[in-house]
Amino acid sequence: MVTKLTLLCLPYSGASAMVYSRWRPKLPQWLQLQPVELPGRGARFDEPLHTDMRGLAMQLAKELRPTLKTPYALFGHSLGALLACELAHALRALGCPEPVALFASGTAAPTLRADYDRGFADPKTDAELIEQLRTLNGTSEEVLANQELMSLTLPILRADFLLCGTFEPLQRPLLNCPVHVLGGKADRATTEQLIGWSKETRGSFSVDMLAGGHFFIHEHEAKVLKVIKDQLEIHHRRHALAVSA
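End of the sequence shown sits at 246 in our numbering; the numbers just go up one at a time, nothing left out.
Shown next as structure tokens:
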């Protein structure tokens, strides 16, 4: 019997969790991908969007708690990284074990966001939001020019920017799990902002820098998956030994 480890993946601003679905066939059999869909998008499109990070994290934690039958890890990119960290705390508050690892990708640490999120809480016109998407180089001009698609995407993006822009770090017990950070060499998160994630845990910490801008997770998908697999292999072997002992 293969001992499973679940990888919960949180999406970035404006996205559905299904951006991770293409990872499924590229992961080993023991690593079970579980994209976490957020209210207001994808299959949950009819649900209201959240603008409060901790409220959203607690809602997701309550939904996920009954399904966490195996050890799990958390991965989030950009907004998803902040949310993954909050989700780890929310699950712990509900009495769940901590993740075996937290992967924080493509964003500043929770305590170093003053400059990173500057202006995110300010009201923005549709044109300003579209320009913000353009600067991130993750959306084609064809999509940006599609009014129907933009009418669906912009309300989600507006709420997600508020999630980040209104976020305030809390004083609370640190996590104990390892935190692994991924950054893009051409992304705007500075080395200091990425290393700041080390302050979120008593456990081990690592940083992997990859070529590319904000969406390096797609540009260099194979390298991102290798980092995840290499780090989680250790935890998988440890759990498999514990089960068989």
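Note that beta-carbon positions come from the ideal geometry of N, C-alpha and C, so glycine has one too.
Computed from a predicted model, the values in this text were never measured in an experiment.
Check	Outcome
Closer than 8 Å by C-beta to Thr202: which residues in its own chain qualify, once you throw out the five before and the five after it? Chain order, please.	Leu103, Leu175, Leu176, Asn177, Cys178, Pro179, Val180
Give me whichever residues DSSP pairs with Leu6 in a beta bridge.	Leu32
Is the beta carbon of Leu155 closer than 8 Å to that of Trp27?	The amino acid at residue 27 is misidentified as Trp; the sequence shows Lys. No, Cβ-Cβ distance for Lys27 and Leu155 is not below 8 Å.
Taking only runs that begin and end inside the stretch 29-81, name each unbroken alpha helix (DSSP H) of 4 or more residues, in chain order.	54-65
If I measure Cβ to Cβ from Arg189 and keep anything under 6 Å in the same chain, skipping five residues before and after, which residues do I get?	none
Report the rounded CA-to-CA distance for Phe162 versus Arg114, giving the unit in angstroms.	13 Å
Which full runs of the beta strand (DSSP E) of 3+ residues lie inside the stretch 126-191, going along the chain?	180-185
Confirm, please, whether the CB-CB distance from Thr108 to Gly197 is below 8 Å.	no
Given that a residue counts as buried once 16 or more other Cβ atoms are within 10 Å of its Cβ, and exposed if not, what is Leu57?	buried
Considering only C-alpha positions, which residue in the set Asp123, Phe46, Ala18, Arg119 is nearest to Gly77?	Ala18
I need the straight-line Cα distance from Ser106 to Arg239, nearest angstrom please.	25 Å
Apart from the five residues on each side of it in sequence, which residues of its chain come closer than 7 Å, Cβ to Cβ, to Pro36?	Cys10, Ala18, Met19, Tyr21, Ser22
Starting from Phe217, follow the alpha helix (DSSP H) in both directions and report where the run begins and ends.	217-220
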